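In the numbering used here, the protein residues as written are 7 to 173.
Take a look at the structure below.
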């Protein structure tokens, strides 16, 4: 038996990043959770295909986010925490656990994208019709953006979520 959430020193599925809470007693499997499920049964093509679609969608959302797009055209942006908060989906008053989860979720998505590229031995991920969704350089730029945001707004993040990992 496995719990979604645990107390004390034990970590549940939410703490491990496998599930995200979307409502009262409602959870959704994250790309990391799908990856863990795929690792348990790697021969299951349905799970692997769902993992690929979820990861592709998550990376695409990051690439198309207006705050990321602004940063690409002007690296001095974002200037204000509210813009970075918009990217992460957080604001003052957001519970510290949620702040930590949302910032870490971006790191997990991008790390998983690099692992998929490495595992497949390719430099880009394409849709079924051959359109390139993202390539390794896109993911590296996103990681650079994430690192920049965490450094630029470290003080704000530490106020909202004491003990947050910013490496």
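Each residue gets a CB set at the ideal place from its N, CA and C atoms; glycine is no exception.
Since the structure is predicted, the reported quantities are computational estimates derived from the model, not experimental observations.
Can you list, in chain order, the residues of its chain with a C-beta nearer than 8 Å to that of residue i? Leave out the 5 residues immediately preceding and following it.
| i | result |
| --- | --- |
| residue 23 | 36, 38, 39, 107, 110, 111 and 114 |
| residue 88 | 97 |
| residue 127 | none |
| residue 105 | 94, 96, 163, 166, 167 and 170 |
Inspect the beta-carbon positions of residue i and residue j and report whether they are closer than 7 Å.
| i | j | result |
| --- | --- | --- |
| residue 159 | residue 82 | no |
| residue 93 | residue 73 | yes |
| residue 135 | residue 123 | no |
| residue 118 | residue 63 | no |
| residue 144 | residue 69 | yes |
Who pairs with residue i in a beta bridge, going by DSSP?
| i | result |
| --- | --- |
| residue 140 | 131 |
Spatial neighbours of residue i within its chain, please: C-beta separation below 7 Å, excluding the five flanking residues on both sides.
| i | result |
| --- | --- |
| residue 133 | 139 |
| residue 149 | 116 |
| residue 172 | 156, 160 and 163 |
| residue 102 | 166, 167 and 168 |
Tell me, to the nearest whole angstrom, how far the beta carbon of residue i is from that of residue j; I am working on the premise that it is less than 8 Å.
| i | j | result |
| --- | --- | --- |
| residue 179 | residue 166 | The structure shown does not extend to residue 179, since the chain is modelled only from 7 to 173, so the question has no answer here. |
| residue 25 | residue 31 | Not really, about 12 Å apart at Cβ, beyond 8 Å. |
Starting from the C-beta of residue i, find all residues in its chain whose C-beta is less than 6 Å away, skip the five residues before and the five after it, and write them out in chain order.
| i | result |
| --- | --- |
| residue 130 | 138 and 141 |
| residue 120 | 145 |
| residue 153 | none |
| residue 71 | 93 |
Item to check | Any alpha helix (DSSP H) of 4 or more consecutive residues that is wholly inside the stretch 16-70 | outcome: Entirely contained in the stretch 16-70, the alpha helix (DSSP H) runs reaching 4 residues are, in chain order, 37-46 and 51-70.
Next on the checklist: Threshold first: 4 residues or longer. Then list the alpha helix (DSSP H) segments lying entirely within the stretch 75-118, N to C.
Outcome noted: List check, alpha helix (DSSP H) in window: 87-94.
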